[in-house]
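K.L.:
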Amino acid sequence: MERQLREANKRFEKIAEMGEDGILVFDEDSRIEFANQKAAEILGLPKEEILGKEFFSLIGKKDEEFLEEMVIRGEGLAQKVCTEMAIQNLQGQLKETEICIAPTRSEEGRIKTYAYLRDITERKRFERELRESEEKYRNLFERVRHGLFISTREGRFLDCNQALVEMAGYDSKEEFLKIDIPKDLYVNKEDRKKFQDLIEKQGFVKDLEVEFKKKNGERITVLLTAHAKKDEKGEIIGYEGLNIDISQRKRMERELREANEFLMNLIESSVDGIIAADMKGNIIIFNKGAEVLTGYKAEEVIGKIHITQIYPPGIAKEVMRRLRSPEFGGVGKLLPTQFNVVNRFGEEIPIQLSASLIYDAAGKEIASVGIFTDLRPRIKMEQEIREIQQALLQSEKLAAMGRLTSQIAHELNNPIYGIMNTLELLKTEIPPESKRRRILELSLSETHRLAEMLRNMLSFSKPEEEQRRPVNLNELIEGILLIVDKQMQEANIKIKTYLDPKIPEIMASTNQMRQVMLNMIKNAKEAMPKGGTLMIATGRDKDRVLIHIRDTGVGIPEENKSKIFEAFFTTKQKVKGVGLGLSVCYGIIKDHGGEIKVESEEGKGTTFTICLPIYAS
């Protein structure tokens with residue numbers, strides 16, 4: 233019997249050493265009778281030192297109290313009781329341990345307890361890491377600002393983050409998870425079908441642009457990226473993915489596109505040439521105005537012609553030098569400057585260039601852009617101005633000479649006719665055969681010739697009038713201001729106009745009215761040698777049209793106001809104010825049934841008011 237018992241104990245010990253669990257056997261006094269190697273490792277002592285020791289002395293006090301309670305319960309229940317706890321062994325190590333206590337009672341009534349110890353430290357660490365990982369995943373899932381989701385194939389959400397709930401405009405996650413995805417979320421059925429076709433075919437979808445509708449009906453544009461979720465058989469059971477709301481980006485892209493289109497329309501509609509080039513000199517913008525100016529088509533120059541080819545030699549380099557200098561408008565800017573450009577036929581064209589450098593966010597030069605104004609019309613206009621001014625000067629001279637001739641003729645006419653009458657009377661008193669009669673007849677003939685000459689002079693001083701026609705004074709004034717604009721700019725004179733669009737037409741000689749306005753403007757300019765403001769206004773007073781011409785010049789002394797319309801009266805030797813032309817203007821206005829008035833204060837400026845009768849059709 234004893235031999236059999238020993239053999240049984242050996243088999244038990246052998247089996248106990250083969251297992252992965254620690255096994256302890258202790259008596260009713262809790263003294264350890266058996267311990268396998270695994271139990272010794274968990275308790276932190278050699279197996280020989282464990283035998284005979286009280287089990288509860290090998291673990292922490294808290295655990296001791298708990299295990300004593302388990303043993304008592306075990307005795308009462310006569311069944312195995314298991315729990316998990318952290319045991320601090322005698323080496324100070326903390327071991328996460330699963331313990332099962334199984335008390336037994338022998339035939340003699342002795343209680344023997346079997347304790348099974350399993351080191352679950354690694355499992356617990358893994359479980360903690362898994363929980364932490366799940367928490368991190370959940371935190372990440374919820375904190376991602378884009379909409380994450382898990383859904384079924386049929387179109388029901390299984391889970392989603394708060395960002396997707398807010399993106400779709402729902403009040404709560406619970407409410408959102410109940411929606412029918414194809415019906416309640418997609419705007420277009422075609423988008424849903426396209427998404428499913430792609431993901432079923434290739435297992436994923438990347439950056440698919442679709443339209444979603446929010447709870448309130450508002451539409452948003454979304455980039456959808458997802459992959460198929462499969463079961464163990466490889467069958468697709470759902471989808472996991474990400475929705476990125478790109479509505480604002482799409483709106484900004486649309487606004488940027490519209491702004492670019494508007495800018496390009498502005499560039500293309502400009503009558504001036506607009507040309508931009510990168511810092512290598514490659515032309516990148518070439519508008520219609522530039523095409524008209526140079527004769528090139530945009531497709532012939534963009535990316536094909538270097539910017540230096542549209543300038544004479546050395547000019548492009550000079551333009552860049554001035555752009556980078558502070559002397560010509562500040563660094564990066566070039567104020568209007570006259571240069572020449574070369575057209576496709578090799579002809580040099582005078583232009584006015586305003587230019588700027590374009591910088592990136594870091595302040596690096598990336599391009600230059602210039603506005604090219606064709607000066608040929610202006611040069612032609614300036615030539616016409618000079619010719620008109622020369623004609624005006626000649627007209628003033630002729631008018632003055634005409635008035636002088638008229639005055640002389642009028643002054644001589646009466647005496648000549650008196651002499652003629654006297655000679656005729658003497659002729660009757662002298663016999664025909666008298667030598668004195670012959671001398672008298674010669675004198676009378678010469679007197680008749682002198683009278684005829686005076687009649688011709690009077691005819692010359694009053695030439696035949698130009699045919700008159702209806703004239704719109706506003707249009708006439710605007711045309712003249714275009715002609716004199718550059719001169720006024722050079723004289724630092726600002727022009728302000730207040731033209732009443734409702735004034736009626738007048739019946740007048742266009743050339744003579746033009747002559748009046750040019751003369752008045754010329755005199756106003758000469759009255760403002762240091763610059764100033766010229767104001768021209770039109771209006772109506774009953775049956776008359778009014779033109780007000782006001783300058784901020786030197787003004788007219790009080791003693792000269794009554795003389796300024798007299799022939800040959802001038803003060804230009806002193807102040808370059810009112811000149812000879814005013815007498816011509818006065819005559820023309822009078823001849824048109826009008827009048828001209830002047831108001832002036834020395835040192836503060838002068839206002840001329842022209843009154844003309846309206847045209848009654």
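Residue numbering for the sequence shown follows the numbering used here, starting at 233 and increasing by one per position. Note that the Cβ used here is the ideal one computed from N, Cα and C, for glycine as well.
Between which two residues does the beta strand (DSSP E) harbouring Leu-409 extend?
P.N.:
Note, Leu-409: premise wrong, no beta strand (DSSP E); not H, not E.
K.L.:
Please list the terminal residues of the continuous alpha helix (DSSP H) segment that includes Glu-523.
P.N.:
Its alpha helix (DSSP H) spans residues 520 to 526.
K.L.:
Specify whether the region 836 to 845 and the region 735 to 752 touch according to this definition: at least 3 beta carbon pairs, one from each stretch, less than 8 Å apart.
P.N.:
Flag = yes, the region 836 to 845 and the region 735 to 752 touch.
K.L.:
Give the single residue among Val-830, Met-745, Glu-737, Ala-769 whose Cα lies nearest to the Cα of Ala-848.
P.N.:
The candidate whose alpha carbon is nearest that of Ala-848 is Glu-737.
K.L.:
Taking the alpha carbon of Arg-357 as the reference point, which residue from Val-563, Met-552, Leu-326, Arg-385 has its own alpha carbon closest?
P.N.:
Looking at the Cα atoms, Leu-326 is the closest of the given residues.
K.L.:
Quick check: what's the CA-CA separation for Lys-793 versus Glu-827?
P.N.:
Distance between the alpha carbons of Lys-793 and Glu-827: 15 Å.
K.L.:
With H, G and I counted as helix, E and B as strand and the rest as coil, what does DSSP make of Thr-784?
P.N.:
Here Thr-784 sits in coil by DSSP.
K.L.:
Please determine if the region 609 to 623 and the region 585 to 601 are in contact, where contact requires at least 3 C-beta pairs separated by less than 8 Å.
P.N.:
Segments in contact, no.
K.L.:
Determine the contact status of Gly-785 and Glu-833, defining contact as a CB-CB distance below 8 Å.
P.N.:
Their beta carbons are not under 8 Å apart, which means Gly-785 does not touch Glu-833 by this criterion.
K.L.:
What does a CB cutoff of less than 8 Å around Ile-537 pick up in its chain, not counting 5 residues either side in sequence?
P.N.:
Excluding positions up to five away in sequence, the list reads Ile-515, Tyr-528.
K.L.:
Can you give the Cα-Cα distance for Ile-768 and Asn-706, rounded to whole angstroms?
P.N.:
If you take the alpha carbons of Ile-768 and Asn-706, they lie about 10 Å apart.
K.L.:
My understanding is that Leu-417 touches Phe-444, with C-beta atoms under 8 Å, so please give their C-beta distance in whole angstroms.
P.N.:
The Cβ separation is near 5 Å, so the contact holds.
K.L.:
Starting from the C-beta of Ala-599, find all residues in its chain whose C-beta is less than 8 Å away, skip the five residues before and the five after it, and write them out in chain order.
P.N.:
Ala-508, Ala-509, Asp-510, Met-511, Ile-516, Leu-589, Ile-590, listed in sequence order.
K.L.:
Below 6 Å CB to CB, which residues in the same chain sit around Val-547 once its five sequence neighbours on both sides are set aside?
P.N.:
Checking the sequence, you will find Ile at residue 547 rather than Val. Cβ neighbours of Ile-547 beyond the five flanking positions: Phe-571.
K.L.:
Does the pairing of the region 385 to 401 with the region 479 to 493 give three or more beta-carbon distances under 8 Å?
P.N.:
The answer is no - the region 479 to 493 does not touch the region 385 to 401, with fewer than three Cβ pairs under 8 Å.
K.L.:
Rounded to whole angstroms, what's the CA-CA distance from Tyr-730 to Val-573? Just pull it up for me.
P.N.:
In a straight line, the C-alpha of Tyr-730 is about 38 Å away from that of Val-573.
K.L.:
Closest by CA to Leu-714, which one among Gly-276, Glu-616, Met-685?
P.N.:
Looking at the Cα atoms, Glu-616 is the closest of the given residues.
K.L.:
Please return the same chain residues whose Cβ sits closer than 7 Å to the Cβ of Glu-597, not counting the five positions on each side in sequence.
P.N.:
Cβ within range, chain order: Met-511, Leu-589, Tyr-591.
K.L.:
Using a 10 Å radius around the Cβ and a threshold of 16 neighbouring Cβ atoms, would you call Lys-270 buried or exposed?
P.N.:
It counts as buried.
K.L.:
Can you tell me which of Met-745, Lys-421, Arg-388 puts its alpha carbon nearest to the alpha carbon of Ile-469?
P.N.:
Selected option, being the one with the closest Cα: Arg-388.
K.L.:
Buried or exposed for Ser-383, please, with buried defined as at least 16 other CB atoms from any protein chain shown within 10 angstroms of its CB.
P.N.:
The residue in question, Ser-383, is buried, as its Cβ has 16 or more Cβ neighbours within 10 Å.
K.L.:
Give me whichever residues DSSP pairs with Phe-287 in a beta bridge.
P.N.:
Note: Phe-287 sits in no beta bridge, so no partner.
K.L.:
Out of Glu-330, Lys-438, Val-777, Asp-717, which one is the CA nearest neighbour of Ile-352?
P.N.:
Among Glu-330, Lys-438, Val-777, Asp-717, the Cα nearest to that of Ile-352 is on Glu-330.
K.L.:
Excluding the 5 residues preceding and the 5 following Thr-742 in the sequence, name in chain order all residues of the same chain whose CB lies nearer than 6 Å to its CB.
P.N.:
So the qualifying residues of the chain are Val-703.
K.L.:
By Cβ distance below 7 Å, which residues in the same chain neighbour Asn-724 in space, the five residues on each side in sequence not counted?
P.N.:
Here the set comprises Gly-763.
K.L.:
I need the DSSP call for Ile-352, collapsed to helix, strand or coil.
P.N.:
Note: Ile-352 maps to coil in three-state DSSP.
K.L.:
Have a look at the DSSP bridge pairing and note the partners of Arg-375.
P.N.:
DSSP lists no partner for Arg-375.
K.L.:
Does the separation of the CB atoms of Asp-783 and Ala-740 fall below 8 Å?
P.N.:
Their beta carbons are not under 8 Å apart, which means Asp-783 does not touch Ala-740 by this criterion.
K.L.:
Is Leu-731 helix, strand or coil when you go by DSSP?
P.N.:
Residue state, collapsed to three classes: coil.
K.L.:
Take the Cβ of Arg-363 as the centre, count every other Cβ of all protein chains shown within 10 Å, and call the residue buried at 16 or more, exposed below.
P.N.:
Flag for Arg-363 reads exposed.
K.L.:
Going straight from the alpha carbon of Ala-679 to that of Ile-648, what length do you get?
P.N.:
Here the sequence assigns Thr to residue 679, which means Ala is not the residue at that position. For Thr-679 and Ile-648, the distance between alpha carbons rounds to 7 Å.
K.L.:
Check the C-beta distance from Glu-249 over to Val-257 and give it rounded, since I have them as a contact under 8 Å.
P.N.:
With a Cβ gap of about 14 Å, Glu-249 and Val-257 do not count as contacting.
K.L.:
Less than 8 Å separating the beta-carbons of Gly-401 and Glu-450?
P.N.:
A contact, by the Cβ cut-off of 8 Å.
K.L.:
Is Ala-865 helix, strand or coil when you go by DSSP?
P.N.:
The first residue shown for the chain is 233 and the last is 849, placing residue 865 beyond what the model contains.
K.L.:
What residue range is occupied by the uninterrupted alpha helix (DSSP H) comprising Arg-746?
P.N.:
Taken as a continuous stretch (DSSP letters only), the alpha helix (DSSP H) holding Arg-746 covers 742 to 758.
K.L.:
Relative to the C-alpha of Asp-823, which residue among Thr-345, Lys-836, Pro-335, Pro-845 is closest?
P.N.:
When each option's Cα is compared against that of Asp-823, the closest is Pro-845.
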